[in-house]
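Undergrad: Those sequence lines, one after another, are chains A and B.
The first sequence runs 0 to 131 under numbering that gives the first Met the number 0.
The second sequence runs 0 to 157 under numbering that gives the first Met the number 0.
Backbone N, C-alpha and C define an ideal beta-carbon position, used for all residues, glycine too.
All of these numbers come straight from a predicted model, not from anything done at the bench.
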Amino acid sequence: MSVHPGQPVPPVEFTPDAVTLLRFGAVTRNTHRIHYDTGFARSEGLDGPVVMAQLHGCLMHRAAMSFAGPGGQVLEVGWQNRAPALAGERLVVSGTVGEVDPETGRVTLELVEHGGQGDVVCCRGTAVVLMG
Amino acid sequence: MSAWEVAEERARAAIGRPEHRDLGVVRAEDAAEFARSAGETGPHLVDPGRPDFTVHPMYLVSLLRGAGGAGQDECRPDGMYRDEVPGTDGLDVRLMAGGQEVRFTGEVRAGDRIQVRRVLTEVERKGSGTPFLLLTVEKTYTAERGTLVRVRERFIVR
């Protein structure tokens, strides 16, 4: 498959609701109250329980893995949290191809995660993949 | 001195001091539940009974503790672990995750016993209005056969 800079990374989406956050927090042993306690989250200046950073990372990883395709590999993934996402918000990660190294086959993706009504940037990140 | 200034002083004193944590043994059932709760549907990620079952690559770096969990006295009132964000134990400060950079260097397998080495590498003051701290922690996840993942993680302290 030919990959070139500027090529779109097809979007992946996920809507983590309160039940999702409880399950994700339980399996990762993340007991921070901002993820499940509405009163506490509001006392911290948030509008309600918020999505874990690692769950944002998982969606970034999924976008990269999906782009790499069957037999592909994600070598690196990174993201910065820019705005909190509330439980129940639809999150969409999309992006473009940044660099392509023809010698190593490493493809760098520039990724962004939008939340809310699609107008809030929740995370920005990059991933390095080998195409399948 | 404010609470976050105390945290800053403590954190600067802890730069470069390594800590170690045992995450226990990776269980396929837990990794599958992780994948399901992250919204994955690929059978090789969510069905631990399949011969091609694969531990989700993000599982390890998302784990704050192993299956043994932690005692109540190891938690802050906000639910975070007392030792999760360097310098903040016992202080009334707000904590948020800032993001991660993850490099995968080996495949995690069910049955692996995982050790994590953590080092605080950087403490920065940020923000023009209300200042906050940005702490950078580097983590190395290893199993007996070698290093599996390297992470640079950032925490925000207000």
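Check whether the Cβ of A/V26 lies closer than 7 angstroms to any Cβ atom in chain B.
TA: Taking the first sequence and counting its residues from 1, the one referred to as residue 26 of chain A is at position 27. Yes, A/V26 counts as interfacial toward chain B.
Undergrad: Going by DSSP, what residues sit across from A/N80 in a beta bridge?
TA: The residue you call residue 80 of chain A lines up with position 81 of the first sequence. A/N80 pairs with A/C122.
Undergrad: Looking at the structure shown, is B/I113 part of a helix, part of a strand, or coil, going by DSSP?
TA: Position 114 of the second sequence, counted from the first residue, corresponds to residue 113 of chain B. In the structure shown, B/I113 sits in a strand (DSSP, three-state: E or B).
Undergrad: Name the chain B residues whose beta carbon is nearer than 7 angstroms to that of A/T19?
TA: By 1-based counting over the first sequence, the position of residue 19 of chain A is 20. Neighbours of A/T19 on chain B, chain order: S36.
Undergrad: Just how far apart, CA to CA, sit A/V49 and B/V25?
TA: One-based indexing of the first sequence puts residue 49 of chain A at position 50. One-based indexing of the second sequence puts residue 25 of chain B at position 26. Roughly 27 angstroms between the two C-alpha positions.
Undergrad: Quickly, what does DSSP pair B/V84 with across the bridge? List them, please.
TA: As a first step, residue 84 of chain B must be located in the second sequence, where it is residue number 85. Bridge partners of B/V84: none, in fact.
Undergrad: From the DSSP output, which residues share a beta bridge with B/I155?
TA: Here residue 155 of chain B is taken as the residue at index 156 of the second sequence, counted from 1. Bridge partners of B/I155: B/M95 and B/L133.
Undergrad: A/T27 bridges to which residues according to DSSP?
TA: On the first sequence, position 28 is the one that residue 27 of chain A refers to. Per DSSP, none; premise fails for A/T27.
Undergrad: In angstroms, rounded to a whole number, what distance separates the CA positions of B/T146 and A/C122?
TA: Counting from one through the second sequence, the residue named residue 146 of chain B turns up at place 147. Counting from one through the first sequence, the residue named residue 122 of chain A turns up at place 123. Rounded to the nearest angstrom, the two C-alpha atoms are 28 angstroms apart.
Undergrad: Taking A/G94 as part of the beta strand (DSSP E), name the residues at either end of that continuous run.
TA: Against the first sequence, residue 94 of chain A aligns to sequence position 95. Looking at the DSSP string, the run of the beta strand (DSSP E) that includes A/G94 is L90 to V99.
Undergrad: Please check if any C-beta of chain B sits within less than 7 angstroms of the C-beta of A/T103.
TA: Position 104 of the first sequence, counted from the first residue, corresponds to residue 103 of chain A. No - not a single Cβ of chain B is within 7 angstroms of the one on A/T103.
Undergrad: Under DSSP, the alpha helix (DSSP H) around B/R11 begins and ends at which residues?
TA: Along the second sequence, read from residue 1 onward, the residue named residue 11 of chain B stands at position 12. From DSSP, the alpha helix (DSSP H) with B/R11 extends over A2 to A13.
Undergrad: Taking just the CA atoms, how far does A/H3 sit from B/T129?
TA: On the second sequence, position 130 is the one that residue 129 of chain B refers to. On the first sequence, position 4 is the one that residue 3 of chain A refers to. Looking at the two C-alpha atoms, the distance is approximately 42 angstroms.
Undergrad: What in chain B is Cβ-close to A/F66, meaning under 8 angstroms?
TA: Locating residue 66 of chain A in the first sequence gives position 67, counting from the first residue. Within 8 angstroms Cβ-Cβ: nothing; A/F66 doesn't reach chain B, min ~15 angstroms.
Undergrad: Going straight from the alpha carbon of A/M59 to that of A/L108, what length do you get?
TA: Translated into positions along the first sequence, residue 59 of chain A becomes position 60. Translated into positions along the first sequence, residue 108 of chain A becomes position 109. Each residue's Cα considered, the two are about 10 angstroms apart.
Undergrad: Measuring alpha carbon to alpha carbon, tell me which residue in B/D82, B/E7, B/R144 and B/M95 is nearest B/G110.
TA: If you number the second sequence from 1, residue 110 of chain B lands on position 111. Closest option to B/G110, Cα to Cα, is B/R144.
Undergrad: Determine whether the Cβ of A/R32 lies closer than 7 angstroms to any Cβ atom of chain B.
TA: Here the question's residue 32 of chain A lines up with position 33 in the first sequence. Closer than 7 angstroms: yes.
Undergrad: Can you list, in chain order, the residues of the region 100–128 of chain B whose Cβ is nearer than 8 angstroms to any Cβ on chain A?
TA: E100, V101, R102 and F103
Undergrad: Do B/L134 and B/V122 have their C-beta atoms within less than 7 angstroms of each other?
TA: Counted from its first residue, the second sequence places residue 134 of chain B at position 135. Counted from its first residue, the second sequence places residue 122 of chain B at position 123. Contact: yes.
Undergrad: Apply the 10 Å Cβ neighbour rule to A/V127 and answer buried if 16 or more other Cβ atoms are within range, or exposed otherwise.
TA: Taking the first residue of the first sequence as position 1, residue 127 of chain A is located at position 128. The residue is buried, with at least 16 neighbouring Cβ atoms inside 10 Å.
Undergrad: What does the alpha-carbon distance come out to for the pair B/L63 and A/W78?
TA: Stepping through the second sequence from its first residue, residue 63 of chain B is reached at position 64. Stepping through the first sequence from its first residue, residue 78 of chain A is reached at position 79. CA-CA distance, B/L63 to A/W78, rounds to 18 angstroms.
Undergrad: Run through DSSP, which three-state label would B/A142 get?
TA: If you number the second sequence from 1, residue 142 of chain B lands on position 143. B/A142 falls in the strand class under three-state DSSP.
Undergrad: Is B/G38 near the ligand HEM, judged by its Cβ being under 6 angstroms from some heavy atom?
TA: By its list of ligands, the structure shown contains no ligand whatsoever, and the ligand HEM lies outside what it can speak to.
Undergrad: In angstroms with no decimal places, state the Cα-to-Cα distance between B/D152 and A/L20.
TA: Within the second sequence, numbered from 1, the residue matching residue 152 of chain B stands at position 153. Within the first sequence, numbered from 1, the residue matching residue 20 of chain A stands at position 21. According to the sequence as given, residue 152 of chain B is Glu; it is not Asp. So the alpha carbons of these two residues sit roughly 21 angstroms apart.
Undergrad: With distances taken from CA atoms, which of B/V118, B/P47 and B/T141 is nearest B/V84?
TA: Here residue 84 of chain B refers to the residue found at position 85 when the second sequence is read from its first residue. Cα-wise, what sits closest to B/V84 is B/V118.
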